[in-house]
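Peer 1:
Numbering (our numbering), first residue to last: 135 to 633.
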(Lines of atoms letter the chains of each structure in order from A and count residues from 1; the text may use other names and numbers.)
(Lines give C-alpha, C1' and ligand atoms only; values in the text may rest on other atoms or scores of the structure.)
Protein backbone atom coordinates (compact mmCIF):
# COMPACT_ATOMS: atom_id res chain seq x y z
CA UNK A 1 0.00 0.00 0.00
CA UNK A 2 1.51 3.35 -1.08
CA UNK A 3 2.00 6.09 1.49
CA UNK A 4 -0.31 9.10 1.37
CA UNK A 5 2.12 11.24 3.40
CA UNK A 6 3.44 14.09 1.25
CA UNK A 7 6.74 15.91 1.53
CA UNK A 8 6.26 19.66 1.36
CA UNK A 9 8.69 21.85 -0.57
CA UNK A 10 8.90 24.66 1.98
CA UNK A 11 11.13 26.83 -0.21
CA UNK A 12 8.54 26.77 -3.00
CA UNK A 13 5.73 27.95 -0.73
CA UNK A 14 7.92 30.34 1.31
CA UNK A 15 6.94 33.73 -0.27
CA UNK A 16 3.16 33.59 0.38
CA UNK A 17 3.69 31.70 3.66
CA UNK A 18 6.02 34.35 5.06
CA UNK A 19 3.56 37.13 4.17
CA UNK A 20 0.77 35.25 5.97
CA UNK A 21 2.93 34.51 9.06
CA UNK A 22 4.05 38.15 9.35
CA UNK A 23 0.39 39.21 9.04
CA UNK A 24 -0.60 36.97 11.96
CA UNK A 25 2.41 38.14 13.99
CA UNK A 26 1.45 41.79 13.43
CA UNK A 27 -2.16 41.14 14.49
CA UNK A 28 -1.02 39.46 17.74
CA UNK A 29 1.65 42.10 18.40
CA UNK A 30 -1.00 44.82 18.03
CA UNK A 31 -2.67 43.53 21.22
CA UNK A 32 0.48 44.24 23.25
CA UNK A 33 1.70 47.40 21.51
CA UNK A 34 1.10 50.84 22.99
CA UNK A 35 -0.43 53.58 20.83
CA UNK A 36 2.94 55.31 20.75
CA UNK A 37 4.65 52.31 19.15
CA UNK A 38 1.91 51.35 16.65
CA UNK A 39 3.99 52.78 13.79
CA UNK A 40 6.47 49.91 14.29
CA UNK A 41 3.81 47.48 13.05
CA UNK A 42 3.91 49.20 9.67
CA UNK A 43 7.66 48.88 9.34
CA UNK A 44 7.52 45.20 10.38
CA UNK A 45 4.91 44.65 7.63
CA UNK A 46 7.05 46.48 5.05
CA UNK A 47 10.05 44.34 6.08
CA UNK A 48 7.93 41.17 5.83
CA UNK A 49 6.78 42.00 2.30
CA UNK A 50 10.35 42.89 1.28
CA UNK A 51 11.59 39.54 2.67
CA UNK A 52 8.77 37.66 0.87
CA UNK A 53 9.80 39.32 -2.40
CA UNK A 54 13.47 38.41 -1.84
CA UNK A 55 12.48 34.76 -1.22
CA UNK A 56 11.59 34.57 -4.92
CA UNK A 57 15.31 34.73 -5.83
CA UNK A 58 16.22 31.14 -4.73
CA UNK A 59 13.35 29.85 -6.90
CA UNK A 60 14.85 31.16 -10.16
CA UNK A 61 17.00 28.07 -10.70
CA UNK A 62 14.17 25.87 -12.03
CA UNK A 63 10.56 24.75 -11.78
CA UNK A 64 9.38 23.28 -8.48
CA UNK A 65 6.12 21.61 -7.48
CA UNK A 66 4.55 20.42 -4.24
CA UNK A 67 1.26 18.97 -2.94
CA UNK A 68 1.27 16.42 -5.78
CA UNK A 69 -0.82 13.26 -6.23
CA UNK A 70 0.99 10.33 -4.64
CA UNK A 71 0.17 8.08 -7.59
CA UNK A 72 1.04 10.71 -10.19
CA UNK A 73 3.81 13.14 -9.10
CA UNK A 74 3.36 15.12 -12.32
CA UNK A 75 -0.09 16.34 -11.20
CA UNK A 76 0.31 18.96 -8.46
CA UNK A 77 -1.71 21.63 -6.69
CA UNK A 78 1.18 24.11 -6.34
CA UNK A 79 3.76 24.80 -9.05
CA UNK A 80 6.47 27.46 -9.18
CA UNK A 81 7.43 28.11 -12.81
CA UNK A 82 8.41 31.25 -14.73
CA UNK A 83 4.79 32.45 -14.94
CA UNK A 84 4.31 32.00 -11.19
CA UNK A 85 7.51 33.87 -10.32
CA UNK A 86 6.75 36.85 -12.56
CA UNK A 87 3.23 37.28 -11.16
CA UNK A 88 4.43 36.75 -7.57
CA UNK A 89 7.08 39.40 -8.11
CA UNK A 90 4.42 41.78 -9.43
CA UNK A 91 2.03 41.00 -6.55
CA UNK A 92 4.52 41.17 -3.67
CA UNK A 93 6.35 44.16 -5.17
CA UNK A 94 3.03 45.96 -5.66
CA UNK A 95 1.95 45.14 -2.10
CA UNK A 96 5.31 46.42 -0.81
CA UNK A 97 4.86 49.77 -2.57
CA UNK A 98 1.25 50.00 -1.32
CA UNK A 99 2.60 49.31 2.20
CA UNK A 100 5.08 52.20 1.88
CA UNK A 101 2.20 54.50 0.87
CA UNK A 102 0.16 53.13 3.78
CA UNK A 103 2.78 54.05 6.42
CA UNK A 104 2.24 57.74 5.60
CA UNK A 105 -1.54 57.35 5.12
CA UNK A 106 -2.00 55.75 8.55
CA UNK A 107 0.03 58.48 10.22
CA UNK A 108 -2.02 61.18 8.48
CA UNK A 109 -5.28 59.40 9.38
CA UNK A 110 -4.53 60.12 13.08
CA UNK A 111 -6.16 56.97 14.48
CA UNK A 112 -8.90 57.06 11.83
CA UNK A 113 -7.65 53.65 10.66
CA UNK A 114 -6.89 50.77 13.08
CA UNK A 115 -3.24 49.95 12.40
CA UNK A 116 -3.02 46.32 13.54
CA UNK A 117 -6.11 45.25 11.58
CA UNK A 118 -5.00 47.26 8.55
CA UNK A 119 -1.61 45.57 8.28
CA UNK A 120 -3.03 42.11 8.99
CA UNK A 121 -5.60 42.51 6.20
CA UNK A 122 -3.07 43.88 3.70
CA UNK A 123 -0.58 41.06 4.36
CA UNK A 124 -3.33 38.41 4.24
CA UNK A 125 -4.57 39.72 0.90
CA UNK A 126 -1.01 39.80 -0.46
CA UNK A 127 -0.46 36.19 0.68
CA UNK A 128 -3.61 35.05 -1.16
CA UNK A 129 -2.63 37.01 -4.26
CA UNK A 130 0.85 35.41 -4.24
CA UNK A 131 -0.66 31.94 -3.82
CA UNK A 132 -2.99 32.26 -6.81
CA UNK A 133 -0.52 32.15 -9.76
CA UNK A 134 1.03 28.98 -8.30
CA UNK A 135 -2.35 27.23 -8.00
CA UNK A 136 -2.76 24.34 -10.40
CA UNK A 137 -6.14 22.99 -9.33
CA UNK A 138 -9.50 24.76 -9.38
CA UNK A 139 -10.13 24.40 -5.63
CA UNK A 140 -6.82 26.03 -4.67
CA UNK A 141 -7.45 28.69 -7.31
CA UNK A 142 -10.79 29.71 -5.79
CA UNK A 143 -9.44 29.58 -2.21
CA UNK A 144 -6.51 31.82 -3.21
CA UNK A 145 -8.87 34.19 -5.01
CA UNK A 146 -11.04 34.55 -1.90
CA UNK A 147 -8.06 34.91 0.46
CA UNK A 148 -6.90 37.79 -1.76
CA UNK A 149 -10.38 39.33 -2.05
CA UNK A 150 -12.02 39.06 1.39
CA UNK A 151 -9.42 41.17 3.27
CA UNK A 152 -9.65 43.73 0.45
CA UNK A 153 -13.37 44.28 1.17
CA UNK A 154 -12.52 45.09 4.78
CA UNK A 155 -9.62 47.37 3.80
CA UNK A 156 -11.92 49.44 1.58
CA UNK A 157 -14.41 50.02 4.42
CA UNK A 158 -11.95 50.27 7.31
CA UNK A 159 -12.22 54.02 7.95
CA UNK A 160 -14.10 54.78 11.18
CA UNK A 161 -17.43 56.55 10.61
CA UNK A 162 -16.86 57.21 6.89
CA UNK A 163 -20.12 56.64 5.03
CA UNK A 164 -18.48 56.88 1.61
CA UNK A 165 -15.98 54.18 2.59
CA UNK A 166 -18.72 51.88 3.94
CA UNK A 167 -20.84 52.24 0.79
CA UNK A 168 -17.82 51.48 -1.41
CA UNK A 169 -16.99 48.35 0.62
CA UNK A 170 -20.61 47.13 0.48
CA UNK A 171 -20.81 47.60 -3.30
CA UNK A 172 -17.44 45.87 -3.75
CA UNK A 173 -18.46 43.01 -1.45
CA UNK A 174 -21.90 42.30 -2.92
CA UNK A 175 -20.74 42.35 -6.55
CA UNK A 176 -17.66 40.24 -5.76
CA UNK A 177 -19.62 37.62 -3.82
CA UNK A 178 -22.05 37.31 -6.72
CA UNK A 179 -19.16 36.85 -9.16
CA UNK A 180 -17.56 34.22 -6.89
CA UNK A 181 -20.84 32.30 -6.67
CA UNK A 182 -21.09 32.31 -10.47
CA UNK A 183 -17.48 31.09 -10.74
CA UNK A 184 -18.08 28.29 -8.25
CA UNK A 185 -21.11 27.13 -10.20
CA UNK A 186 -19.03 27.13 -13.40
CA UNK A 187 -16.24 25.17 -11.74
CA UNK A 188 -18.74 22.64 -10.37
CA UNK A 189 -20.04 22.11 -13.93
CA UNK A 190 -16.50 21.58 -15.21
CA UNK A 191 -15.83 19.13 -12.37
CA UNK A 192 -19.06 17.27 -13.08
CA UNK A 193 -18.00 16.89 -16.72
CA UNK A 194 -14.37 15.87 -16.15
CA UNK A 195 -14.26 14.33 -12.67
CA UNK A 196 -11.11 16.26 -11.69
CA UNK A 197 -10.07 19.67 -10.37
CA UNK A 198 -6.42 19.58 -11.52
CA UNK A 199 -5.86 21.96 -14.43
CA UNK A 200 -3.70 19.62 -16.51
CA UNK A 201 -6.16 16.74 -16.06
CA UNK A 202 -9.09 19.02 -16.91
CA UNK A 203 -7.27 20.03 -20.14
CA UNK A 204 -6.90 16.36 -21.09
CA UNK A 205 -10.30 15.01 -20.04
CA UNK A 206 -12.43 17.91 -21.29
CA UNK A 207 -11.56 16.89 -24.87
CA UNK A 208 -13.19 13.48 -24.35
CA UNK A 209 -16.36 14.53 -22.52
CA UNK A 210 -19.47 12.51 -23.32
CA UNK A 211 -21.63 14.21 -25.98
CA UNK A 212 -24.51 14.60 -23.54
CA UNK A 213 -22.29 16.74 -21.28
CA UNK A 214 -21.04 19.22 -23.93
CA UNK A 215 -23.64 21.85 -23.08
CA UNK A 216 -22.90 21.48 -19.35
CA UNK A 217 -19.17 21.89 -20.01
CA UNK A 218 -19.61 24.95 -22.23
CA UNK A 219 -21.88 26.54 -19.62
CA UNK A 220 -19.25 25.81 -16.97
CA UNK A 221 -16.55 27.49 -19.07
CA UNK A 222 -18.66 30.62 -19.60
CA UNK A 223 -19.70 30.92 -15.93
CA UNK A 224 -16.09 30.48 -14.75
CA UNK A 225 -14.98 33.25 -17.12
CA UNK A 226 -17.68 35.60 -15.78
CA UNK A 227 -16.28 35.31 -12.25
CA UNK A 228 -12.74 36.16 -13.31
CA UNK A 229 -13.99 38.95 -15.61
CA UNK A 230 -15.29 40.69 -12.48
CA UNK A 231 -11.89 40.44 -10.77
CA UNK A 232 -10.21 42.01 -13.80
CA UNK A 233 -12.81 44.85 -13.85
CA UNK A 234 -13.85 43.92 -17.40
CA UNK A 235 -17.00 45.63 -18.72
CA UNK A 236 -19.88 45.04 -17.86
CA UNK A 237 -18.50 43.81 -14.50
CA UNK A 238 -16.64 47.06 -13.82
CA UNK A 239 -19.31 49.18 -12.12
CA UNK A 240 -17.78 48.75 -8.64
CA UNK A 241 -14.41 50.27 -9.60
CA UNK A 242 -14.83 54.11 -9.48
CA UNK A 243 -16.79 54.24 -6.19
CA UNK A 244 -14.54 51.63 -4.57
CA UNK A 245 -11.35 53.50 -5.47
CA UNK A 246 -12.79 56.80 -4.18
CA UNK A 247 -14.12 55.27 -0.94
CA UNK A 248 -10.98 53.26 -0.14
CA UNK A 249 -7.85 54.73 1.48
CA UNK A 250 -5.66 55.81 -1.46
CA UNK A 251 -2.94 53.15 -0.88
CA UNK A 252 -5.67 50.47 -1.05
CA UNK A 253 -7.01 51.95 -4.30
CA UNK A 254 -3.45 51.70 -5.67
CA UNK A 255 -3.20 48.12 -4.37
CA UNK A 256 -6.50 47.09 -6.00
CA UNK A 257 -5.56 48.74 -9.31
CA UNK A 258 -2.40 46.64 -9.62
CA UNK A 259 -2.49 43.58 -7.34
CA UNK A 260 -6.24 43.05 -7.73
CA UNK A 261 -5.83 43.04 -11.51
CA UNK A 262 -2.83 40.69 -11.37
CA UNK A 263 -4.94 38.23 -9.37
CA UNK A 264 -7.79 38.35 -11.88
CA UNK A 265 -5.60 38.08 -14.96
CA UNK A 266 -3.40 35.26 -13.64
CA UNK A 267 -6.53 33.28 -12.70
CA UNK A 268 -8.04 33.95 -16.11
CA UNK A 269 -4.86 32.78 -17.86
CA UNK A 270 -4.69 29.58 -15.81
CA UNK A 271 -8.34 28.71 -16.45
CA UNK A 272 -8.29 29.45 -20.21
CA UNK A 273 -4.81 28.64 -21.53
CA UNK A 274 -3.82 25.87 -19.08
CA UNK A 275 -7.13 24.15 -18.18
CA UNK A 276 -9.36 24.80 -21.20
CA UNK A 277 -7.25 25.24 -24.36
CA UNK A 278 -9.60 22.91 -26.28
CA UNK A 279 -12.48 25.35 -25.62
CA UNK A 280 -10.64 28.27 -27.19
CA UNK A 281 -13.56 28.63 -29.64
CA UNK A 282 -15.75 29.53 -26.61
CA UNK A 283 -13.48 31.78 -24.53
CA UNK A 284 -11.49 33.34 -27.40
CA UNK A 285 -14.34 35.35 -29.01
CA UNK A 286 -15.81 36.13 -25.56
CA UNK A 287 -12.54 37.64 -24.31
CA UNK A 288 -11.98 39.53 -27.58
CA UNK A 289 -15.43 41.15 -27.25
CA UNK A 290 -14.80 41.87 -23.55
CA UNK A 291 -11.44 43.47 -24.39
CA UNK A 292 -12.97 45.80 -27.01
CA UNK A 293 -15.87 46.75 -24.73
CA UNK A 294 -13.67 47.22 -21.65
CA UNK A 295 -11.06 49.50 -23.22
CA UNK A 296 -13.76 51.62 -24.90
CA UNK A 297 -15.99 52.09 -21.84
CA UNK A 298 -12.96 52.69 -19.59
CA UNK A 299 -11.41 55.37 -21.79
CA UNK A 300 -14.73 57.12 -22.49
CA UNK A 301 -15.45 57.10 -18.74
CA UNK A 302 -12.05 58.69 -18.02
CA UNK A 303 -12.61 61.23 -20.79
CA UNK A 304 -15.91 62.36 -19.23
CA UNK A 305 -14.43 63.20 -15.82
CA UNK A 306 -14.95 66.83 -14.78
CA UNK A 307 -11.71 68.37 -13.51
CA UNK A 308 -13.48 70.35 -10.76
CA UNK A 309 -15.43 67.40 -9.33
CA UNK A 310 -14.39 66.06 -5.93
CA UNK A 311 -12.01 63.09 -6.20
CA UNK A 312 -11.89 63.50 -10.00
CA UNK A 313 -8.17 62.58 -10.08
CA UNK A 314 -8.86 59.24 -8.35
CA UNK A 315 -11.91 58.64 -10.55
CA UNK A 316 -9.87 59.31 -13.68
CA UNK A 317 -7.24 56.79 -12.53
CA UNK A 318 -10.05 54.32 -11.77
CA UNK A 319 -11.62 54.62 -15.23
CA UNK A 320 -8.14 54.56 -16.77
CA UNK A 321 -7.46 51.26 -14.98
CA UNK A 322 -10.64 49.83 -16.55
CA UNK A 323 -9.36 50.91 -19.97
CA UNK A 324 -5.93 49.38 -19.26
CA UNK A 325 -7.69 46.11 -18.31
CA UNK A 326 -9.05 46.04 -21.86
CA UNK A 327 -5.52 46.19 -23.28
CA UNK A 328 -4.44 43.40 -20.90
CA UNK A 329 -7.27 41.17 -22.15
CA UNK A 330 -6.19 41.47 -25.80
CA UNK A 331 -3.24 39.00 -25.72
CA UNK A 332 -5.25 36.47 -23.67
CA UNK A 333 -7.94 36.56 -26.36
CA UNK A 334 -5.20 36.33 -29.01
CA UNK A 335 -3.89 33.13 -27.34
CA UNK A 336 -7.09 31.39 -28.50
CA UNK A 337 -6.26 32.10 -32.16
CA UNK A 338 -2.45 31.98 -32.09
CA UNK A 339 -0.16 28.97 -32.51
CA UNK A 340 2.18 30.64 -30.02
CA UNK A 341 -0.15 30.94 -27.01
CA UNK A 342 2.79 31.34 -24.60
CA UNK A 343 4.10 34.31 -26.59
CA UNK A 344 0.69 35.98 -26.43
CA UNK A 345 0.46 35.42 -22.67
CA UNK A 346 3.99 36.83 -22.35
CA UNK A 347 2.65 40.06 -23.89
CA UNK A 348 -0.03 40.32 -21.20
CA UNK A 349 2.48 39.70 -18.41
CA UNK A 350 4.92 42.23 -19.88
CA UNK A 351 2.16 44.85 -20.12
CA UNK A 352 1.05 44.09 -16.56
CA UNK A 353 4.59 44.71 -15.23
CA UNK A 354 4.82 48.06 -17.04
CA UNK A 355 1.34 49.09 -15.91
CA UNK A 356 2.07 48.11 -12.28
CA UNK A 357 5.19 50.27 -12.02
CA UNK A 358 3.81 53.45 -13.58
CA UNK A 359 0.27 53.23 -12.18
CA UNK A 360 1.59 52.81 -8.64
CA UNK A 361 3.81 55.83 -9.33
CA UNK A 362 0.81 57.91 -10.41
CA UNK A 363 -1.10 56.87 -7.27
CA UNK A 364 1.95 57.73 -5.12
CA UNK A 365 2.02 61.29 -6.47
CA UNK A 366 -1.77 61.47 -6.02
CA UNK A 367 -1.25 60.43 -2.38
CA UNK A 368 1.31 63.24 -2.02
CA UNK A 369 -1.07 65.89 -3.41
CA UNK A 370 -3.96 64.43 -1.39
CA UNK A 371 -2.12 65.23 1.86
CA UNK A 372 -2.81 68.95 1.34
CA UNK A 373 -5.78 68.74 -1.07
CA UNK A 374 -8.08 66.17 0.52
CA UNK A 375 -10.69 66.32 -2.30
CA UNK A 376 -8.00 65.31 -4.83
CA UNK A 377 -9.53 67.06 -7.86
CA UNK A 378 -7.68 67.24 -11.15
CA UNK A 379 -7.66 71.04 -10.82
CA UNK A 380 -5.68 70.62 -7.56
CA UNK A 381 -2.72 69.57 -9.72
CA UNK A 382 -2.63 72.89 -11.56
CA UNK A 383 0.80 74.46 -11.15
CA UNK A 384 2.26 71.47 -9.28
CA UNK A 385 5.54 72.19 -11.07
CA UNK A 386 5.79 75.55 -9.28
CA UNK A 387 5.50 73.98 -5.82
CA UNK A 388 7.16 70.59 -6.35
CA UNK A 389 8.99 70.38 -9.70
CA UNK A 390 10.22 66.79 -9.23
CA UNK A 391 6.79 65.40 -8.32
CA UNK A 392 5.26 67.20 -11.32
CA UNK A 393 7.89 65.86 -13.70
CA UNK A 394 7.49 62.31 -12.38
CA UNK A 395 3.69 62.41 -12.58
CA UNK A 396 3.98 63.72 -16.15
CA UNK A 397 6.34 60.83 -16.91
CA UNK A 398 3.96 58.26 -15.38
CA UNK A 399 0.99 59.67 -17.32
CA UNK A 400 2.97 59.66 -20.58
CA UNK A 401 3.96 56.03 -19.92
CA UNK A 402 0.28 55.12 -19.47
CA UNK A 403 -0.50 57.02 -22.68
CA UNK A 404 2.33 55.31 -24.55
CA UNK A 405 4.20 58.50 -25.50
CA UNK A 406 7.94 59.33 -25.27
CA UNK A 407 9.78 59.69 -22.96
CA UNK A 408 7.62 56.91 -21.51
CA UNK A 409 9.13 54.40 -23.93
CA UNK A 410 8.10 51.41 -21.80
CA UNK A 411 4.42 52.36 -22.24
CA UNK A 412 4.81 52.62 -26.01
CA UNK A 413 6.77 49.36 -26.11
CA UNK A 414 4.14 47.51 -24.07
CA UNK A 415 1.28 48.79 -26.26
CA UNK A 416 3.12 47.79 -29.45
CA UNK A 417 3.69 44.31 -27.96
CA UNK A 418 -0.02 43.89 -27.21
CA UNK A 419 -0.96 45.35 -30.62
CA UNK A 420 1.33 42.90 -32.44
CA UNK A 421 -0.13 39.98 -30.44
CA UNK A 422 -3.58 40.89 -31.79
CA UNK A 423 -2.34 41.30 -35.39
CA UNK A 424 -0.34 38.04 -35.32
CA UNK A 425 -3.45 36.18 -34.12
CA UNK A 426 -5.51 37.56 -37.00
CA UNK A 427 -7.57 39.87 -34.77
CA UNK A 428 -7.18 42.93 -37.00
CA UNK A 429 -10.50 44.42 -35.91
CA UNK A 430 -9.43 44.29 -32.26
CA UNK A 431 -6.12 45.98 -33.12
CA UNK A 432 -8.08 48.80 -34.81
CA UNK A 433 -10.33 49.21 -31.74
CA UNK A 434 -7.21 49.35 -29.57
CA UNK A 435 -5.60 52.00 -31.79
CA UNK A 436 -8.73 54.18 -31.57
CA UNK A 437 -8.77 53.82 -27.79
CA UNK A 438 -5.11 54.74 -27.47
CA UNK A 439 -5.92 58.00 -29.29
CA UNK A 440 -8.88 58.66 -26.95
CA UNK A 441 -6.66 58.04 -23.92
CA UNK A 442 -4.03 60.48 -25.21
CA UNK A 443 -6.49 63.34 -24.77
CA UNK A 444 -7.16 62.96 -21.05
CA UNK A 445 -3.60 61.94 -20.14
CA UNK A 446 -2.14 64.94 -21.99
CA UNK A 447 -4.80 67.28 -20.57
CA UNK A 448 -3.79 66.31 -17.02
CA UNK A 449 -0.08 66.51 -17.90
CA UNK A 450 -0.44 70.03 -19.34
CA UNK A 451 -2.24 71.18 -16.19
CA UNK A 452 0.84 70.36 -14.08
CA UNK A 453 2.89 73.07 -15.80
CA UNK A 454 0.33 75.89 -15.93
CA UNK A 455 0.57 78.94 -13.70
CA UNK A 456 -0.92 78.11 -10.29
CA UNK A 457 -4.03 79.91 -9.08
CA UNK A 458 -3.02 81.80 -5.94
CA UNK A 459 0.00 80.93 -3.82
CA UNK A 460 1.59 77.54 -4.66
CA UNK A 461 0.97 74.90 -1.98
CA UNK A 462 4.19 73.34 -0.75
CA UNK A 463 4.09 69.55 -0.40
CA UNK A 464 6.21 68.01 2.32
CA UNK A 465 7.20 64.51 1.24
CA UNK A 466 7.62 61.94 4.08
CA UNK A 467 10.35 59.32 3.72
CA UNK A 468 8.04 56.31 2.97
CA UNK A 469 6.21 58.28 0.28
CA UNK A 470 9.55 59.43 -1.16
CA UNK A 471 10.72 55.82 -1.29
CA UNK A 472 7.56 54.65 -3.11
CA UNK A 473 7.78 57.46 -5.69
CA UNK A 474 11.52 56.90 -6.15
CA UNK A 475 11.21 53.12 -6.68
CA UNK A 476 8.43 53.47 -9.27
CA UNK A 477 10.29 56.29 -11.02
CA UNK A 478 13.53 54.28 -11.21
CA UNK A 479 11.64 51.25 -12.56
CA UNK A 480 9.87 53.35 -15.19
CA UNK A 481 13.04 55.17 -16.30
CA UNK A 482 15.20 52.02 -16.41
CA UNK A 483 12.59 50.07 -18.37
CA UNK A 484 12.10 53.00 -20.75
CA UNK A 485 15.84 52.90 -21.41
CA UNK A 486 15.89 49.14 -21.91
CA UNK A 487 12.29 47.95 -22.59
CA UNK A 488 13.51 44.61 -23.95
CA UNK A 489 14.32 43.63 -20.33
CA UNK A 490 10.61 43.14 -19.64
CA UNK A 491 10.08 40.81 -22.58
CA UNK A 492 13.22 38.86 -21.73
CA UNK A 493 11.94 38.53 -18.17
CA UNK A 494 8.52 37.26 -19.25
CA UNK A 495 9.70 35.21 -22.22
CA UNK A 496 10.73 31.55 -22.44
CA UNK A 497 8.46 28.77 -21.23
CA UNK A 498 5.93 30.58 -19.09
CA UNK A 499 4.27 27.26 -18.36
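Glycine is no exception: its CB is placed at the ideal position from the N, C-alpha and C atoms.
What residue does the beta strand (DSSP E) around residue 519 start on, and which one ends it?
Peer 2: Indexing the chain shown from 1 puts residue 519 at position 385. Per DSSP, residue 519 belongs to no beta strand (DSSP E); it is in the alpha helix (DSSP H), 518-521.
Peer 1: Between which two residues does the alpha helix (DSSP H) containing residue 311 stretch?
Peer 2: On the chain shown, residue 311 is found 177 positions in, with the first residue counted as 1. Unbroken alpha helix (DSSP H) run through residue 311: 297-328.
Peer 1: Using the Cβ count rule (16 or more neighbours within 10 Å means buried), how would you classify residue 276?
Peer 2: The count along the chain shown starts at 1 and reaches residue 276 at position 142. Label assigned to residue 276: buried.
Peer 1: Please name the residue, chosen from 314, 470, 528, that lies closest to residue 495 on a Cα-to-Cα basis.
Peer 2: In the chain shown, counting from the first residue as 1, residue 495 sits at position 361. Of 314, 470, 528, the residue nearest in Cα terms is 528.
Peer 1: Between residue 496 and the ligand FMN, is there a pair consisting of the residue's CB and a ligand heavy atom that are separated by less than 6 angstroms?
Peer 2: This structure lacks the ligand FMN; in fact it carries no ligand of any kind.
Peer 1: At which residue ranges does the region 338-407 contain complete beta strand (DSSP E) runs of 3 or more residues, listed in the order of the chain?
Peer 2: With a minimum length of 3 residues, there is no unbroken run of beta strand (DSSP E) contained wholly in the region 338-407.
Peer 1: Closest to residue 524 by C-alpha separation, out of 575, 534, 536, 604, would be which residue?
Peer 2: Position 390 of the chain shown holds residue 524. Ranked by how close their Cα comes to the Cα of residue 524, the residues 575, 534, 536, 604 have 604 in first place.
Peer 1: Assuming residue 266 and residue 279 are in contact, meaning their beta carbons sit under 8 angstroms apart, how far apart are those beta carbons, in whole angstroms?
Peer 2: Here residue 266 is taken as the residue at index 132 of the chain shown, counted from 1. Here residue 279 is taken as the residue at index 145 of the chain shown, counted from 1. Confirmed, about 6 angstroms.
Peer 1: Quick one, which of 235, 214, 224, 473 has its alpha-carbon nearest residue 601's?
Peer 2: The residue you call residue 601 lines up with position 467 of the chain shown. When only C-alpha atoms are compared, the closest one is 235.
Peer 1: Curious, which full-length alpha helix (DSSP H) runs of at least 4 residues does the region 522-546 contain?
Peer 2: Runs found: 523-537.
Peer 1: Going by alpha carbons, who is nearest to residue 634 out of 190, 548, 168, 215?
Peer 2: Because residue 634 is not part of the residues shown, which for the chain are 135 to 633, the question remains open.
Peer 1: For the region 335-343 against the region 384-396, are there 3 or more C-beta pairs whose distance is under 8 angstroms?
Peer 2: no
Peer 1: How many angstroms separate the CA atom of residue 256 from the CA atom of residue 238?
Peer 2: Numbered from 1 along the chain shown, position 122 holds the residue referred to as residue 256. Numbered from 1 along the chain shown, position 104 holds the residue referred to as residue 238. Whole-angstrom Cα-Cα distance: 15 angstroms.
Peer 1: Around the C-beta of residue 510, are 16 or more other C-beta atoms found within 10 angstroms, so that it is buried, or is it exposed?
Peer 2: Here residue 510 is taken as the residue at index 376 of the chain shown, counted from 1. Residue 510 is buried by the Cβ-count criterion.
Peer 1: Select from 189, 160, 181, 591 the residue whose C-alpha is nearest the C-alpha of residue 150.
Peer 2: The residue labelled residue 150 in the question sits at position 16 within the chain shown. Comparing Cα-Cα distances from residue 150 to each of 189, 160, 181, 591, the minimum goes to 189.
Peer 1: On the criterion of 16 or more Cβ atoms from any shown chain inside 10 Å, does residue 506 qualify as buried, or is it exposed?
Peer 2: For this step, residue 506 is matched to residue 372 along the chain shown. Residue environment for residue 506: exposed (fewer than 16 other C-beta atoms within 10 angstroms of its C-beta).
Peer 1: Rounded to the nearest angstrom, what separates residue 400 and residue 226 at their Cα positions?
Peer 2: Start at 1 with the first residue of the chain shown, and residue 400 comes out as number 266. Start at 1 with the first residue of the chain shown, and residue 226 comes out as number 92. About 14 angstroms.
Peer 1: Check each candidate in 442, 549, 567, 436 and name the one with the smallest Cα separation from residue 580.
Peer 2: Stepping through the chain shown from its first residue, residue 580 is reached at position 446. Residue 580 has its Cα closest to that of 436, out of 442, 549, 567, 436.
Peer 1: Leaving out five residues on either side along the sequence, give the residues of the same chain with a beta carbon under 6 angstroms from the beta carbon of residue 578.
Peer 2: Looking up residue 578 in the chain shown gives position 444. If we look at residue 578 and ignore the five residues flanking it on each side, its Cβ neighbours are 436, 437.
Peer 1: Using the C-alpha atoms, what's the distance from residue 409 back to residue 240?
Peer 2: To locate residue 240, count along the chain shown from 1; it is residue 106. To locate residue 409, count along the chain shown from 1; it is residue 275. In this model, residue 240 and residue 409 are separated by some 42 angstroms (Cα to Cα).
Peer 1: Classify residue 167 as helix, strand or coil using the three-state DSSP reduction.
Peer 2: Here residue 167 corresponds to residue number 33 of the chain shown, with the count starting at 1. Coil at residue 167, not helix or strand.
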